[in-house]
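The structure appears right after this line, and notes come after that.
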Amino acid sequence: MLKRLLANHLNRSTYFCLGALALALLPWVVGAGGGNYWVRVLDFALLYIILALGLNVVVGFAGLLDLGYIAFYALGAYSYALLASPHLPQHFETIAAALPQGMHFSPWAVALFAILLAALFGMILGLPTLQLRGDYLAIVTLGFGEIIRIFMNNLDRPLNLTNGPKGITAIDPLQLFGLSFTKPLDLGFVQIPGLYLVFYLFLALAIAVTIVCLHLQNSRIGRAWVAIREDEIAAKAMGINTRNMKLLAFAIGASFAGVAGVLFSAFQGFVSPESFTLWESIVVLAMVVLGGIGHIPGVILGAIVLAVFPEVLRGVAEPIQKALFGHVIVDVEVIRQLIYGLALILIMLYRPGGIWQKGDSK
Amino acid sequence: MSTHLLLDVTDVSKRFGGVQALDSVGLQVPHGAIVGLIGPNGAGKTTFFNVITGLYPADSGIFLFDGKGYFPESVSQVTKSGLARTFQNIRLFGEMSVLENVMVGCHCRSKAGVLGAIFRFPSTGREERAIREKSRALLAYVGLSEYADMQARNLSYGHQRRLEIARALATEPKLLALDEPAAGMNATEKLELRELLLRIRADGKTILLIEHDVSLVMGICDHLTVLDYGKVIAAGKPADVRVHPEVIKAYLGQGAV
Chain A
1 MLKRLLANHL
11 NRSTYFCLGA
21 LALALLPWVV
31 GAGGGNYWVR
41 VLDFALLYII
51 LALGLNVVVG
61 FAGLLDLGYI
71 AFYALGAYSY
81 ALLASPHLPQ
91 HFETIAAALP
101 QGMHFSPWAV
111 ALFAILLAAL
121 FGMILGLPTL
131 QLRGDYLAIV
141 TLGFGEIIRI
151 FMNNLDRPLN
161 LTNGPKGITA
171 IDPLQLFGLS
181 FTKPLDLGFV
191 QIPGLYLVFY
201 LFLALAIAVT
211 IVCLHLQNSR
221 IGRAWVAIRE
231 DEIAAKAMGI
241 NTRNMKLLAF
251 AIGASFAGVA
261 GVLFSAFQGF
271 VSPESFTLWE
281 SIVVLAMVVL
291 GGIGHIPGVI
301 LGAIVLAVFP
311 EVLRGVAEPI
321 QKALFGHVIV
331 DVEVIRQLIY
341 GLALILIMLY
351 RPGGIWQKGD
361 SK
Chain B
363 MSTHLLLDVT
373 DVSKRFGGVQ
383 ALDSVGLQVP
393 HGAIVGLIGP
403 NGAGKTTFFN
413 VITGLYPADS
423 GIFLFDGKGY
433 FPESVSQVTK
443 SGLARTFQNI
453 RLFGEMSVLE
463 NVMVGCHCRS
473 KAGVLGAIFR
483 FPSTGREERA
493 IREKSRALLA
503 YVGLSEYADM
513 QARNLSYGHQ
523 RRLEIARALA
533 TEPKLLALDE
543 PAAGMNATEK
553 LELRELLLRI
563 RADGKTILLI
573 EHDVSLVMGI
583 CDHLTVLDYG
593 KVIAAGKPAD
603 VRVHPEVIKA
613 YLGQGAV
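Next comes the structure, spelled out in structure tokens:
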């Protein structure tokens with residue numbers, strides 16, 4: 001008994017060490033094989049994991065179909081863009097006078113602010129939609145997402161708050177305790193490029209978010225969410241305050257997106273309303289649904305697959321068409337959307353729980 | 363307003379459009395009793411349950427529970443105050459495991475908040491273990507231990523009804539309101555259910571029961587209230603009620619009297 005327990009434990013820690021080692025080496029392997037471009041793809045995949053896990057709280061756990069989720073991502077991204085770029089001082093003299101050094105808030109302070117802001121907006125979206133379910137809720141949330149984007153697009157007049165469709169540039173890059181993520185870190189024996197550092201940072205955050213999700217899932221709150229999803233009346237009869245629990249799901253899901261938005265705008269150095277279209281909401285929802293709705297490992301898998309797949313397609317579809325026909329016949333973007341649609345239909349037909357659904361792991 | 367009554371409701375009325383579903387219905391449930399609510403289909407029994415548990419707002423009525431006045435507006439508040447129910451058309455959380463269904467029932471008697479859930483404080487961990495133990499004990503109580511990890515929707519019909527009772531018991535009710543718990547059960551299952559109900563009563567709970575199965579109702583109820591077309595037509599001891607002319611008329615028709 002003890003021997004087996006020990007062997008089991010050993011096994012687990014060996015797996016854990018191997019996994020950690022593989023993740024640590026991943027950017028180096030990918031970087032050596034495909035260059036910085038592919039490391040960037042990895043970095044974005046990690047951001048999408050955070051986004052998809054947040055949406056999974058709303059859609060997967062609580063069963064509230066949210067098609068405007070990207071709005072919270074936009075709120076986070078614009079919060080940091082405004083608080084850590086020359087944009088506001090340039091357009092408002094009072095701010096320029098008050099801050100002679102310019103606006104340079106720390107991304108982590110803004111991340112905290114974005115969590116609260118996004119959670120607040122999540123509840124603002126949740127309150128009027130408490131009685132709605134399914135399709136009706138989807139339509140209202142879709143409208144909410146579009147409203148936020150259109151605001152970002154048009155708030156350059158009469159006061160230039162967001163710089164409209166041109167977006168905000170020259171956003172301060174990521175940094176952590178003086179460690180810059182734009183230049184390589186010299187450890188003496190090895191130099192770690194900035195993009196690799198971003199990978200490690202995003203990886204740490206994605207792991208933290210995963211742990212938070214796992215904790216939530218195995219708590220009375222996570223159970224209450226699933227109960228509401230399964231049968232709202234029975235959930236009420238169990239003494240669950242369904243109104244508060246739904247608002248909480250909206251708020252927590254939104255706050256994940258708020259953090260991801262801050263990271264996105266710091267990493268990218270540039271934000272514009274174009275990054276927050278309905279299509280983006282749908283991509284994140286597709287990650288959740290395709291991967292395994294309500295099942296955390298599945299959602300992570302879905303996020304990775306759908307974040308990496310378009311890039312692979314971009315690298316493959318054009319050269320193949322050129323080799324076959326001499327020129328590009330079908331645009332890669334069109335092929336991508338076609339395959340997305342087809343994949344979703346196939347999943348719904350043959351595996352409605354997603355690629356990696358609950359119960360598969362055991 | 364005697365103190366030996368756990369539930370004392372009078373003059374409950376509820377109208378759906380042109381249908382008077384409940385017309386000045388009164389019902390008293392003494393502490394520690396099993397009270398049956400019977401009547402032909404469509405008499406208003408389930409509507410009465412839905413009204414006293416706050417699912418439908420009442421048009422009028424005086425509600426006393428455990429000596430205190432309450433107005434059933436919120437289902438979750440009613441459950442918290444100690445009145446738990448099951449449903450006629452079983453409403454389990456189908457995708458969750460049998461054990462998790464009972465654990466959901468512990469929701470209103472536990473208190474871990476968001477931060478506790480996210481950071482898993484030692485107190486949260488303790489509470490979580492307590493919930494798990496209590497739920498396992500309740501599954502053993504209703505005889506479903508061996509199915510703990512099965513998905514609830516895969517249980518047999520009779521077992522699903524038992525699970526609903528276990529889940530309702532997890533809310534630590536003073537009054538357990540069961541809406542046709544024997545429906546669809548075979549003779550053996552009915553016998554087991556009868557034993558379970560008697561055991562629950564022996565353990566200090568009070569039961570309000572809607573049931574069609576006459577032998578079950580007559581066998582275990584201390585009091586019966588009979589509804590027909592939204593009105594109370596008879597109330598009293600089972601032996602008296604079964605010979606009541608109004609009751610015979612309601613069940614068998616005018617000519618039977």
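Protein chains in written order, with the working numbering: chain A, 1 to 362; chain B, 363 to 619.
Quick reminder that beta carbons are idealized off the backbone N, C-alpha and C, glycines included.
Since we're looking at a predicted model, the values are computed, not measured.
*Pairwise C-alpha distance: P392/B and G444/B*: Here residue 444/B refers to the residue found at position 82 of the second sequence. Here residue 392/B refers to the residue found at position 30 of the second sequence. About 15 angstroms.
_Below 8 angstroms on the Cβ atoms is my contact criterion, and I expect R464/B with A528/B to pass it. Report the Cβ-Cβ distance as a whole number of Å._
If you number the second sequence from 1, residue 464/B lands on position 102. If you number the second sequence from 1, residue 528/B lands on position 166. For the record, residue 464/B in the displayed sequence is Val; it is not Arg. The pair is a contact, with the Cβ atoms about 5 angstroms apart (cut-off 8 angstroms).
*Whole-angstrom Cβ separation of L537/B and L369/B, contact assumed at under 8 angstroms?*
In the second sequence, the residue the question calls residue 537/B occupies position 175. In the second sequence, the residue the question calls residue 369/B occupies position 7. Yes, L537/B and L369/B are in contact; Cβ-Cβ is about 6 angstroms, under 8 angstroms.
*asked:* For G398/B, list the residues DSSP reports as bridge partners.
replied: Stepping through the second sequence from its first residue, residue 398/B is reached at position 36. In the DSSP output, where bridge partners are listed per residue, G398/B has L571/B, L586/B.
*Is A227/A closer than 7 angstroms to A237/A when the C-beta atoms are compared?*
For the purposes of this step, residue 237/A is identified with residue 237 of the first sequence, where counting begins at 1. For the purposes of this step, residue 227/A is identified with residue 227 of the first sequence, where counting begins at 1. No; because the gap between Cβ atoms is not below 7 angstroms, this pair is not in contact.
*Is Q513/B helix, strand or coil when you go by DSSP?*
Within the second sequence, the letter at position 151 stands for residue 513/B. Judged by DSSP in its simplified three-state form, Q513/B adopts strand.
*Q382/B by DSSP, collapsed to three states: which one?*
As a position in the second sequence, residue 382/B is number 20, starting the count at 1. It is a strand residue.
_Where N11/A sits in the DSSP three-state scheme_ = Here residue 11/A is taken as the residue at index 11 of the first sequence, counted from 1. DSSP, reduced to helix, strand and coil, places N11/A within a helical segment of the structure shown.
*K442/B CB to nearest chain A CB: under 7 angstroms?*
Taking the first residue of the second sequence as position 1, residue 442/B is located at position 80. Answer yes: the Cβ-Cβ gap between K442/B and chain A drops below 7 angstroms somewhere.
_Distance cutoff 7 angstroms, beta carbons only. Does A74/A sit that close to anything in chain B?_
As a first step, residue 74/A is located in the first sequence; it is residue number 74 there, counting from the start. Taking Cβ atoms only, chain B never reaches closer than 7 angstroms to A74/A, which makes this a no.
*Name, going along the chain, the residues of the region 208-226 of chain A whose beta-carbon falls closer than 8 angstroms to a beta-carbon of chain B.*
Of all residues in the region 208-226 of chain A, V212, H215, L216, N218, S219, R220, I221, G222, R223, A224, V226 have a Cβ within less than 8 angstroms of some Cβ in chain B.
*Should V374/B and G423/B be called a contact, given that it needs their Cβ atoms to be closer than 7 angstroms?*
Translated into positions along the second sequence, residue 374/B becomes position 12. Translated into positions along the second sequence, residue 423/B becomes position 61. Remark: C-beta atoms of V374/B and G423/B approach each other more closely than 7 angstroms.
*Could you pull out every residue in the same chain whose Cβ sits closer than 8 angstroms to the Cβ of L426/B, ignoring the five residues on either side in sequence?*
For this step, residue 426/B is matched to residue 64 along the second sequence. These residues qualify, in order along the chain: M363, L367, L369, D370, V371, Y432.
_Residues of the region 405-420 of chain B whose Cβ lies closer than 8 angstroms to any Cβ of chain A, in chain order_ = From the region 405-420 of chain B, only T415, L417 have a Cβ closer than 8 angstroms to chain A.
*Do I329/A and Q321/A come within 7 angstroms of each other at the CB atom, strictly closer than that value?*
In the first sequence, the residue the question calls residue 321/A occupies position 321. In the first sequence, the residue the question calls residue 329/A occupies position 329. At a Cβ-Cβ threshold of 7 angstroms, Q321/A and I329/A count as neighbours.
*To the nearest angstrom, how far is it from the Cα of A119/A to the Cα of P297/A?*
Taking the first sequence and counting its residues from 1, one reaches residue 119/A at position 119. Taking the first sequence and counting its residues from 1, one reaches residue 297/A at position 297. About 24 angstroms.
_Through-space distance from Y48/A to A286/A, alpha-carbon basis_ = On the first sequence, position 286 is the one that residue 286/A refers to. On the first sequence, position 48 is the one that residue 48/A refers to. Between the alpha carbons of A286/A and Y48/A lies a gap of roughly 11 angstroms.
*Between the Cα of S265/A and those of D172/A, V288/A, G178/A, C213/A, spot the shortest distance and give me the residue it belongs to.*
One-based indexing of the first sequence puts residue 265/A at position 265. The shortest Cα separation from S265/A among D172/A, V288/A, G178/A, C213/A belongs to D172/A.
*Taking the alpha-carbon positions, what's the I221/A to R524/B distance?*
Walking along the first sequence from the start, residue 221/A turns up at place 221. Walking along the second sequence from the start, residue 524/B turns up at place 162. So the two alpha carbons sit approximately 24 angstroms from each other.
*Rounded to the nearest angstrom, how far is the Cβ of A514/B from that of G566/B, given a contact under 8 angstroms?*
Position 152 of the second sequence holds residue 514/B. Position 204 of the second sequence holds residue 566/B. No, A514/B and G566/B are not in contact; Cβ-Cβ is about 27 angstroms, not under 8 angstroms.
*Within chain A, partners of I480/B - CB distance below 7 angstroms*: Along the second sequence, one-based indexing puts residue 480/B at 118. Those are V212, H215, L216, listed as they occur along chain A.
*Would you mind working out which of A74/A, G341/A, A170/A sits nearest Q90/A, comparing C-alpha positions?*
What you label residue 90/A is simply residue 90 of the first sequence in a count that begins at 1. When only C-alpha atoms are compared, the closest one is A170/A.
*With respect to 6 angstroms, is the separation between the Cβ of L384/B and the closest non-hydrogen atom of the ligand ADP below this value?*
In terms of ligand content, the structure shown is empty, and the ligand ADP therefore cannot be addressed.
*asked:* Could you tell me the alpha carbon to alpha carbon distance between E274/A and N163/A, rounded to whole angstroms?
replied: Within the first sequence, residue 274/A is the residue found at index 274, counting from 1. Within the first sequence, residue 163/A is the residue found at index 163, counting from 1. C-alpha separation (whole angstroms): 13 angstroms.
_Assigned secondary structure, D186/A (DSSP; H/G/I helix, E/B strand, else coil)_ = Within the first sequence, residue 186/A is the residue found at index 186, counting from 1. If DSSP states are grouped into helix, strand and coil, D186/A belongs with the strands.
*What in chain A is Cβ-close to E462/B, meaning under 7 angstroms?*
In the second sequence, counting from the first residue as 1, residue 462/B sits at position 100. Going along chain A in sequence order, the residues near E462/B (Cβ under 7 angstroms) are R223.
*Apply the 10 Å Cβ neighbour rule to M348/A and answer buried if 16 or more other Cβ atoms are within range, or exposed otherwise.*
Here residue 348/A refers to the residue found at position 348 of the first sequence. It counts as exposed.
_Per-residue burial, V397/B [other beta carbons within 10 Å of its own, 16 or more giving buried]_ = Walking along the second sequence from the start, residue 397/B turns up at place 35. V397/B counts as buried, since no fewer than 16 other beta carbons sit within 10 angstroms of its beta carbon.
*I think R149/A touches F44/A, with their Cβ atoms under 8 angstroms apart; what is that distance to the nearest whole Å?*
By 1-based counting over the first sequence, the position of residue 149/A is 149. By 1-based counting over the first sequence, the position of residue 44/A is 44. That belief does not hold up - the Cβ atoms of R149/A and F44/A are roughly 20 angstroms apart, past 8 angstroms.
_Between the alpha carbons of L83/A and V110/A, how many angstroms are there, rounded?_
Within the first sequence, numbered from 1, the residue matching residue 83/A stands at position 83. Within the first sequence, numbered from 1, the residue matching residue 110/A stands at position 110. It is roughly 8 angstroms from the alpha-carbon of L83/A to the alpha-carbon of V110/A.
_Rounded to whole angstroms, what is the Cα-Cα separation between G253/A and R563/B?_
Stepping through the first sequence from its first residue, residue 253/A is reached at position 253. Stepping through the second sequence from its first residue, residue 563/B is reached at position 201. G253/A and R563/B have their C-alpha atoms some 44 angstroms from each other.
*Roughly how many angstroms lie between the CA atoms of A544/B and L263/A, to the nearest whole one?*
Residue 544/B sits at position 182 when you count from the first residue of the second sequence. Residue 263/A sits at position 263 when you count from the first residue of the first sequence. Distance between the alpha carbons of A544/B and L263/A: 57 angstroms.
*To the nearest angstrom, how far is it from the Cα of H574/B to the Cα of L555/B?*
Here the question's residue 574/B lines up with position 212 in the second sequence. Here the question's residue 555/B lines up with position 193 in the second sequence. Looking at the two C-alpha atoms, the distance is approximately 14 angstroms.
*Examine chain B for any beta-carbon lying closer than 7 angstroms to the beta-carbon of D66/A, and answer yes or no.*
The residue given as residue 66/A occupies position 66 in the first sequence. With 7 angstroms as the cut-off, D66/A does not count as an interface residue toward chain B.
*asked:* Against chain A, does M512/B count as a neighbour if the rule is that its beta carbon must be under 7 angstroms from one of theirs?
replied: Indexing the second sequence from 1 puts residue 512/B at position 150. Not one chain A Cβ lies under 7 angstroms of M512/B.
_Does the CB of V603/B have a neighbour CB from chain A at under 7 angstroms?_
In the second sequence, the residue the question calls residue 603/B occupies position 241. False, the Cβ-Cβ gap to chain A never drops below 7 angstroms.
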